[in-house]
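Here is the structure we will look at, set down as structure tokens.
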Amino acid sequence: MGRGGRETWWSQWPVAILVGLGALSMVLTGVLPLLVFALLAGPGNLSSGTDLAPEAGPGIGIRIAYVALGIALLAIPAFVVWSARRRLLGFLLLGLIAAVLVMCWGLAMLGIL
Numbered sequence: 013m014g015r016g017g018r019e020t021w022w023s024q025w026p027v028a029i030l031v032g033l034g035a036l037s038m039v040l041t042g043v044l045p046l047l048v049f050a051l052l053a054g055p056g057n058l059s060s061g062t063d064l065a066p067e068a069g070p071g072i073g074i075r076i077a078y079v080a081l082g083i084a085l086l087a088i089p090a091f092v093v094w095s096a097r098r099r100l101l102g103f104l105l106l107g108l109i110a111a112v113l114v115m116c117w118g119l120a121m122l123g124i125l
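Mapped onto my numbering, the consecutive letters of the sequence shown carry residue numbers 13 to 125.
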């Protein structure tokens, strides 16, 4: 309970779920390009020159790292909901800032930002 026996407005379930969904939508903007690149950028997909000889794409290590990073970034919305329900406003704001940074990074990867 907050001061005076009342819950703070950001720690109520509907607000926490909505904030978590907003953070999820921001994080998905950065996760989807990572996963698409990891799935589609295999060796032999790139061609160079006029003879269309395939050149080596990114290795399997970087593709696994991108998938692992994408899965790790999906923890941000869960952290946002957790911190909202625990009434930890500072951590909630840090989680939202992290979600915004991931969104900006994803938009830069897509060539939008």
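Each residue gets a CB set at the ideal place from its N, CA and C atoms; glycine is no exception.
Check	Outcome
Proximal residues to F103 (C-beta, below 7 Å), its chain only, five neighbours per side dropped	S95
Local Cβ density within 10 Å of L108, reported as buried at 16 or more and exposed below that	buried
Beta-carbon gap between V114 and V31 smaller than 8 Å	no
Under the three-state DSSP convention, the category A96 falls into	helix
Of the listed residues G123, L122 and V112, nearest to S37 (C-alpha basis)	V112
Three-state secondary structure (DSSP) of T20	coil
Alpha helix (DSSP H) segment containing P45, residue limits	W25 to L52
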